[in-house]
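Here is the structure we will look at, set down as C-alpha cells.
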Amino acid sequence: MSRHHPDLVMCRKQPGIAIGRLCDKCDGKCPVCDSYVRPTTLVRICDECSFGNYQNKCVVCGGEGISDAFYCFECTRLEKDRDGCPKIINLGSSRTDLFYQKKTNRTGTY
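Those letters in the sequence shown? Residues 0 to 109, by numbering that gives the first Met the number 0.
Shown next as C-alpha cells:
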C-alpha cells in the first residue's frame with residue numbers, strides 16, 4: 000500500500016507473535032508492495048497493533064480481517080518483511096479529503 004500512497008505511515012515497531020489479517024477487499028495483497036503474486040512469508044504485527052479493538056483488523060485499510068496476510072516473494076527476498084510491523088497507522092490525505100467533502104455535501108455549506 001505504501002508504494003502507491005506515499006503519505007501513509009506504517010507502524011514499523013518490533014513485531015510480536017500476532018498474525019496480520021486482511022479484509023475481503025485487500026485479500027491476497029502484499030501489505031508492502033500491493034502485489035498479488037507468490038505469497039510467501041506470514042505477516043507478524045506488533046503487540047500494540049493487535050491489542051483491544053485493533054484485534055482481527057485489516058493491516059492495510061482497518062476493515063474486518065477475514066484471512067491471514069502474507070508478504071510476497073520479492074519483499075521476502077529483499078528482506079522487507081524484517082522492517083517491522085507493516086500496519087498502516089494513519090488515514091492518508093485522500094481518505095480525509097473524502098470525509099470532509101462528504102461532510103460539506105451533507106450540510107450544504109462551505
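By construction, the Cβ of each residue, glycine as well, lies at the ideal position given by its N, Cα and C atoms.
Would you list the residues sitting across from residue i in a DSSP beta bridge?
i      : result
Tyr35  : The partner list for Tyr35 (beta bridge, DSSP) is empty, contrary to what the question assumes.
Ile87  : Met9
Leu97  : According to DSSP, Leu97 bridges with nothing at all.
Arg105 : In DSSP, Arg105 forms no bridge with anything.
Leu77  : DSSP, once it has assigned bridges, lists no residue as partnering Leu77.
Whose CA, out of the options, lies closest to the CA of residue i?
i     : options                        : result
Leu41 : Glu47, Val31 and Phe50         : Val31
Glu63 : Thr95, Gln54, Pro85 and Cys71  : Gln54
Val58 : Phe98, Arg76, Ile88 and Asp96  : Ile88
Lys86 : Ser49, Pro5, Thr95 and Leu97   : Ser49
Asp82 : Lys101, Asp26, Ser34 and Ile44 : Ile44
Asp46 : Asp80, Pro5, Val8 and Gln13    : Gln13
Can you tell me where the beta strand (DSSP E) holding residue i begins and where it ends?
i     : result
Phe50 : First-last for Phe50: undefined, no H or E at that position.
Cys71 : Phe69 to Cys71
Taking its Cβ as the centre, do 16 or more other Cβ atoms sit within 10 Å of residue i, making it buried, or is it exposed?
i     : result
Ile16 : exposed
Leu21 : buried
Tell me, please, whether the stretch 64-83 touches the stretch 35-51 by the rule of three or more beta-carbon pairs shorter than 8 Å. Contact between the stretch 64-83 and the stretch 35-51 is present, because at least three Cβ pairs lie under 8 Å.
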